[in-house]
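Colleague:
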Amino acid sequence: MRLIRRGGRTRGSSRSGSLRRGSQRPDARSAKRRTRTPLVAYLSSVHDVRRRSQVPVHESPLARLERHARGRALDVAVVEQRMVDGRTEWPSLTWNELYRRVIDGAAGMIEAGVNPGQVVVIRVPTGIRQLELELATRVAGAVPLLLPDHMHPVEVGRLLDEIQVRLVIVDHESRLPLLRRAALGEAQLFECDDHSWERLRGMGLERRKRQPDLLSYVDSVRADAPSGAVLGLTREKAQAWLFRPECSGTLSDLRADDVVLLAGEATDRFTAVVRDAHLTAGCTLAWVETPDQLEAALAHVRPTHVLLDHTTAKVLEELLEAGLVHGAPWHETPRDVLEATSARVADARLTSRTRKLAADVTALEPWWGGRVRLLALDTRVNRTISGLANALGFRIGRIAHHPAVRLELAREHSVVTVPEASTIAVSTVTLPRRGGVGADLDSAFSLAGS
């Protein structure tokens with residue numbers, strides 16, 4: 001690691017009583033019962049909600065990870081698509097593996113000087129590493145900040161100069177130009193490739209051995225602070241904001257045995273809320289970034305839930321038209337089939353040929369993997385997709401984004417200094433530590449390379 005120094009501005013409802021008005025007897029006892037019914041009904045409704053829900057409210061990321069590591073240790077937590085020497089591979093992590101890597105990574109960040117309440121800028125590719133780093137940052141008590149590539153560097157510089165950025169994580173120096181107008185005088189730079197990520201986790205493991213209660217301490221001091229990822233939001237004819245995305249709707253229904261296929265960039269508010277819902281539910285998440293990866297992911301993962309960001313949702317019909325099933329087109333005239341499906345939903349007058357074409361849309365079922373129960377799009381659902389879902393027997397889910405609220409990170413919470421661990425006799429030369437001006441840098445923590 002090394003210092004970055006760049007010049008310039010470088011809502012619970014109560015249930016009504018179960019008695020009908022005509023059945024209530026006008027005696028003193030029933031009158032007393034009627035006066036108590038609203039309270040009793042409210043408490044009963046709260047009890048029912050808590051009994052139905054097995055997920056505690058306001059659970060910390062660490063508590064959620066621990067719960068899944070115990071209950072779903074060997075179940076797959078996350079899958080990604082990766083191209084290796086022209087071949088498509090599907091690496092994955094179980095919940096136990098993800099838990100271990102995240103807690104070691106979190107402790108490693110603390111060992112490297114990141115304190116709870118400070119900000120960590122993450123700029124790495126979509127997939128497992130992004131998820132690991134984001135969760136490790138949250139477990140360390142820090143705030144993960146994700147900035148979209150389309151933001152103007154001047155806006156980025158203004159936003160970052162207003163907050164205390166402690167660490168900038170990139171996978172390659174090509175991701176740094178977006179930050180060129182930010183001062184970042186107190187920030188460290190961490191080039192996170194496989195080797196350096198392993199070494200950081202090794203640092204964290206050693207820190208946890210010397211200080212077993214480290215992460216539980218951080219969890220307690222940050223108990224009342226929000227931990228979700230913070231995103232940059234561009235605004236037309238106004239300055240950009242930082243905000244923490246929130247939503248309601250379909251995601252609250254996710255269960256541990258669901259397999260979710262998510263498409264979209266890490267900096268999109270849609271994928272951010274899905275990732276948090278995944279951490280709560282303990283389901284399997286397969287995450288791809290671009291529309292061209294969707295078909296292969298559907299065939300490999302066979303998801304129960306498909307969640308598409310606005311970019312992929314807008315071209316879904318084009319993907320369906322060009323879709324292949326077992327290497328061959330799913331229909332001779334796919335566009336005609338999709339148009340007939342749309343016409344049937346619109347209650348248009350159909351000819352016998354149009355009705356037959358609309359019925360042929362069921363040939364698309366294998367393209368979806370064969371077991372999709374829910375499709376959610378981050379855009380308006382048109383008649384074609386609605387008709388497709390009805391024909392194939394899956395629901396259209398709804399994810400309602402809450403209005404973005406400007407976030408003042410500098411005022412949200414204070415930075416907490418973590419107590420030092422007990423010292424042991426180990427040469428600091430063997431540990432990859434941050435370097436000051438003029439100090440020799442560990443090659444794993446420097447963009448200079450070895």
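Number 344 in the UniProt record's numbering belongs to position 344 of the sequence shown; there are no gaps in the numbering.
Using N, Cα and C, we set each Cβ at its ideal position, and we do this for glycine too.
Being a predicted model, the structure only gives us computed values, none of them experimental.
Just grab the DSSP bridge partners of GLY327 for me.
Modeller: DSSP output for GLY327 lists no bridge partner at all.
Colleague: Which value, in whole angstroms, describes the spacing of the CA atoms of ALA286 and VAL415?
Modeller: One C-alpha to the other measures close to 34 Å.
Colleague: Contact between the segment 251-258 and the segment 275-285 is defined here as three or more beta-carbon pairs at a separation below 8 Å; is this criterion met?
Modeller: Counting Cβ pairs under 8 Å, three or more are found: they touch.
Colleague: So, under 8 Å CB-CB, PRO144 and ILE122 are touching, yes? Tell me the CB distance rounded to an integer number of Å.
Modeller: Confirmed, about 5 Å.
Colleague: Identify, in the order they occur along the chain, each residue of the same chain with its Cβ nearer than 6 Å to the Cβ of ARG353, setting aside the five sequence neighbours on each side.
Modeller: Counting only Cβ-Cβ distances below 6 Å, and skipping sequence neighbours, we find nothing.
Colleague: Sort ALA400, TRP241, GLN211, VAL170 by Cα distance to VAL120 and report the nearest one.
Modeller: Among ALA400, TRP241, GLN211, VAL170, the Cα nearest to that of VAL120 belongs to VAL170.
Colleague: Which term fits HIS305, buried or exposed, when burial requires 16 or more other beta carbons within 10 angstroms of its beta carbon?
Modeller: Classification for HIS305: buried.
Colleague: Whole angstroms are fine: how far does the CA of LEU388 sit from the CA of VAL345?
Modeller: Those two C-alpha atoms are separated by around 9 Å.
Colleague: Please state the DSSP three-state secondary structure of LEU147.
Modeller: Note: LEU147 maps to coil in three-state DSSP.
Colleague: Starting from VAL156, trace the alpha helix (DSSP H) in both directions and tell me its first and last residue.
Modeller: Unbroken alpha helix (DSSP H) run through VAL156: 153-161.
Colleague: Going by CA-CA distance only, name the one from ARG244, THR234, LEU261, GLU289 that's closest to VAL273.
Modeller: Ranking the options by Cα distance to VAL273, first place goes to ARG244.
Colleague: Any idea what DSSP makes of HIS401, helix, strand or coil?
Modeller: Three-state result, HIS401: strand.
Colleague: Decide if ASP194 is buried, meaning its Cβ has at least 16 other Cβ atoms within 10 Å, or exposed.
Modeller: That one is exposed.
Colleague: Rounding to the nearest angstrom, what Cα-Cα distance links ALA223 and GLU289 in this structure?
Modeller: Cα to Cα, ALA223 sits roughly 32 Å from GLU289.
Colleague: Please classify VAL259 as buried or exposed, where buried requires at least 16 other C-beta atoms within 10 Å of its C-beta.
Modeller: The residue in question, VAL259, is buried, as its Cβ has 16 or more Cβ neighbours within 10 Å.
Colleague: Anyone know if the C-beta pair for ASP378 and ILE399 falls short of 8 Å?
Modeller: Against a cut-off of 8 Å, the Cβ pair of ILE399 and ASP378 comes out as a contact.
Colleague: Please determine, among GLN293, SER248, ALA225, the residue with the shortest C-alpha to C-alpha distance to THR312.
Modeller: Looking at the Cα atoms, GLN293 is the closest of the given residues.
Colleague: Which runs of the alpha helix (DSSP H) fall wholly inside the UniProt domain "AMP-dependent synthetase/ligase" (66-179) and span at least 4 residues, in chain order?
Modeller: With a minimum length of 4 residues, the continuous alpha helix (DSSP H) runs that stay inside the UniProt domain "AMP-dependent synthetase/ligase" (66-179) are 95-111, 128-139, 153-161.
Colleague: Kindly identify the DSSP beta-bridge partner or partners of SER248.
Modeller: SER248 pairs with ALA400.
Colleague: Could you give the DSSP three-state label for VAL418: helix, strand or coil?
Modeller: In the structure shown, VAL418 sits in coil (DSSP, three-state: anything other than H, G, I, E or B).
Colleague: Spatial neighbours of VAL165 within its chain, please: C-beta separation below 8 Å, excluding the five flanking residues on both sides.
Modeller: Closer than 8 Å at Cβ, skipping near neighbours: GLN118, VAL119, VAL120, VAL121, LEU145, ALA182, LEU184, GLU186, ALA187.
Colleague: Going by DSSP in three states, VAL306 sits in which element: helix, strand or coil?
Modeller: Here VAL306 sits in strand by DSSP.
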